[in-house]
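To start, the structure under review is shown below, and the notes come after it.
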Amino acid sequence: MKITQVTTAVIEANFDWTLVRIDTDEGISGLGECFFAPGLTATIRELGECIKGRDARQIEPLARKLVRIATPTAAGGAVHHAISGIEAALWDLNARALGIPLWQMFGGRFRDRVRIYADCHAGDALESFSPVIAPRRPFWLSESAPGENHGRGVDSPEAYAEHATAMAKAGFTAIKFDIDLPSLANEDLHARTISPAQLARQVEVAKAVCDAVSPDVEVAFDCHWRYAPSDALRLARALEDLPILWLEDPVPPEDDDALAWVTQRTSTPIASGENRYLLTGVTRMIEMGAVGIVASDIQKVGGLGEARRIAALADARYLPFAPHNISSPVGMMASAHVCASIPNFLAMEWHAASVPFFDDLVAGRDKPIIQNGYISLSDAAGIGVDLDLDVCRRYAKRDEPFFDD
Ligand code: MG
17 MKITQVTTAV
27 IEANFDWTLV
37 RIDTDEGISG
47 LGECFFAPGL
57 TATIRELGEC
67 IKGRDARQIE
77 PLARKLVRIA
87 TPTAAGGAVH
97 HAISGIEAAL
107 WDLNARALGI
117 PLWQMFGGRF
127 RDRVRIYADC
137 HAGDALESFS
147 PVIAPRRPFW
157 LSESAPGENH
167 GRGVDSPEAY
177 AEHATAMAKA
187 GFTAIKFDID
197 LPSLANEDLH
207 ARTISPAQLA
217 RQVEVAKAVC
227 DAVSPDVEVA
237 FDCHWRYAPS
247 DALRLARALE
257 DLPILWLEDP
267 VPPEDDDALA
277 WVTQRTSTPI
287 ASGENRYLLT
297 GVTRMIEMGA
307 VGIVASDIQK
317 VGGLGEARRI
327 AALADARYLP
337 FAPHNISSPV
347 GMMASAHVCA
357 SIPNFLAMEW
367 HAASVPFFDD
377 LVAGRDKPII
387 QNGYISLSDA
397 AGIGVDLDLD
407 VCRRYAKRDE
417 PFFDD
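Here it is as structure tokens:
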């Protein structure tokens, strides 16, 4: 079963949902998805040339070959986003070739439905960002539609609580809010400090949300790597009396020691890992106890196999695995199979509540894909969904190729 071509399409959603399709000489294809990056599809196509003509059954050797190719130019960089999508497409392709669900390829499933947590970043309106995180208005959004809510629509504690209650009504048992935004007057973000007024606001918001939905719904808060360790610790300690699921990325993402310093001084669970690449990128973080929860991004970290290896290392330290995720249904379904196949799964992110066509992009399963806060997995082959190409084409980014069209 030889690889004949590796092609891409990009859906312009709240992020650039970058899809990879791998075709073979036996007429079987597989689908994968990558976390966005500038210039990503050109990288995918170049890497695709390196595996053209190769045996598509060699998933792990081909993925390792691509990591080796990337090492001199981009060890640890966004090239791993591209490899993640290609590797995921190979898994899907092989499962489809065998006519079995992906979870079976991974040795079985610990659960037949996967718990999803809803990211409640800001208001209800769509926020969309380019690959360099520049706010944009998608081409398909009508002039009259609300959108571009980049000024952060939700900033009173009551508004946060209302949003949390709506998500609880939708069936979610876990949700996440950004707690580092909006920034207040006189705050200097470059200094990585939390002003007393900001800390008071953060505690008030967290309390309002927990009061509104706990204990039925667990609540996490994201800090986006913003704070110095001492300030991050003040926030973590100020939240200790609340039943929060985790505090995410309180300090900049590169330094295991800074992260460990915070994690080991608070009873608030600390989650991190979405910026790390490959198993080697999280080994020290996990082994030194720098996190309470491992939050790798499966479309970025190096592939589905690499995510499973990271989850296994986390499991050996009794740490739960709660993947970060901003992807389309293609990436979410692949990740759901990974999450079903590991023992130490906690919850997987869904970042697309404001994208109106999320469910429409794919066919071949019950809709909505997320029901009562869970994705169920069937015996359907591969990731269990096919693209609806007409819908995908409607929302495809204009200056990008659309597979082999
Ligand atoms: Mg995050």
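In this text, residue positions in the sequence shown follow the working numbering: the first is 17, and each later residue adds one.
Using N, Cα and C, we set each Cβ at its ideal position, and we do this for glycine too.
| query | Roughly how many whole angstroms lie between the Cα atoms of Phe373 and Phe145? | reply | In a straight line, the C-alpha of Phe373 is about 17 Å away from that of Phe145.
| query | Measuring CB to CB, does Glu42 end up less than 8 Å from Ile75? | reply | No, they are not a contact pair.
| With 16 other Cβ atoms within 10 Å as the buried cut-off, status of Gly101 | In summary, Gly101 is buried, with 16 or more beta-carbon neighbours lying within 10 Å of its beta-carbon over all protein chains present.
| said: Tell me the DSSP secondary structure of Trp119 in three-state form. | reply: Helix at Trp119.
| said: Can you tell me whether Ser246 is helix, strand or coil according to DSSP? | reply: Note: Ser246 maps to helix in three-state DSSP.
| Is the region 227–237 touching the region 180–193 in the sense that three or more CB pairs, one from each, lie closer than 8 Å? | Yes: at least three Cβ pairs fall under 8 Å.
| query | Which one of Ala224, Ala186 and Ala105 has the shortest CA to CA distance from Leu320? | reply | The shortest C-alpha to C-alpha distance from Leu320 to any of Ala224, Ala186 and Ala105 is the one to Ala105.
| task | Report, in whole angstroms, the separation of the C-beta atoms of Phe237 and Glu264, which I expect to be a contact under 8 Å. | result | Beta-carbon to beta-carbon, Phe237 and Glu264 are separated by about 7 Å, close enough to satisfy the 8 Å threshold.
| field | beta-carbon Glu290 near the ligand GTP non-hydrogen atom, thresh 7 Å | value | Among the ligands modelled here, namely the ligand MG, the ligand GTP does not occur.
| field | Test item: CB-CB of Ser392 and Asp128 under 8 Å | value | Yes, the pair counts as a contact, with Cβ atoms nearer than the cut-off.
| Is the beta carbon of Val401 less than 8 Å from the beta carbon of Ala379? | One thing to note: Val401 has its Cβ within 8 Å of the Cβ of Ala379.
| request: With DSSP as the reference, label Thr87 as helix, strand or coil. | output: The answer is helix: DSSP assigns Thr87 an H, G or I state.
| By DSSP, does Ala182 sit in helix, in strand, or in coil? | Look at Ala182 here: in three-state DSSP terms it is helix.
| Should the region 171–181 be called in touch with the region 54–72, which here means at least 3 C-beta pairs below 8 Å? | For the pair of segments examined, the region 171–181 was found not to touch the region 54–72: the number of CB pairs separated by less than 8 Å stays below three.
| said: In chain order, what are the residue ranges of uninterrupted beta strand (DSSP E) at least 3 long that sit wholly in the region 339–378? | reply: Secondary structure remark: continuous beta strand (DSSP E) runs of at least 3 residues inside the region 339–378, in chain order: 364–366.
| said: For Pro77 and Glu178, I'd like the C-alpha separation in whole angstroms. | reply: Distance between the alpha carbons of Pro77 and Glu178: 49 Å.
| query | Does the Cβ of Glu270 lie closer than 7 Å to at least one heavy atom of the ligand MG? | reply | Flag unset: Cβ of Glu270 not near the ligand MG.
| Alpha carbon of Phe419 to alpha carbon of Val148, nearest angstrom | Roughly 23 Å separates the two Cα atoms.
| message | If we require 3 or more residues per run, which beta strand (DSSP E) segments fall completely within the region 269–307? | response | Runs of the beta strand (DSSP E) inside the region 269–307: 286–288.
| request: With a threshold of 7 Å, establish whether the CB of Glu143 neighbours any heavy atom of the ligand MG. | output: Answer for Glu143: no, Cβ out of range of the ligand MG.
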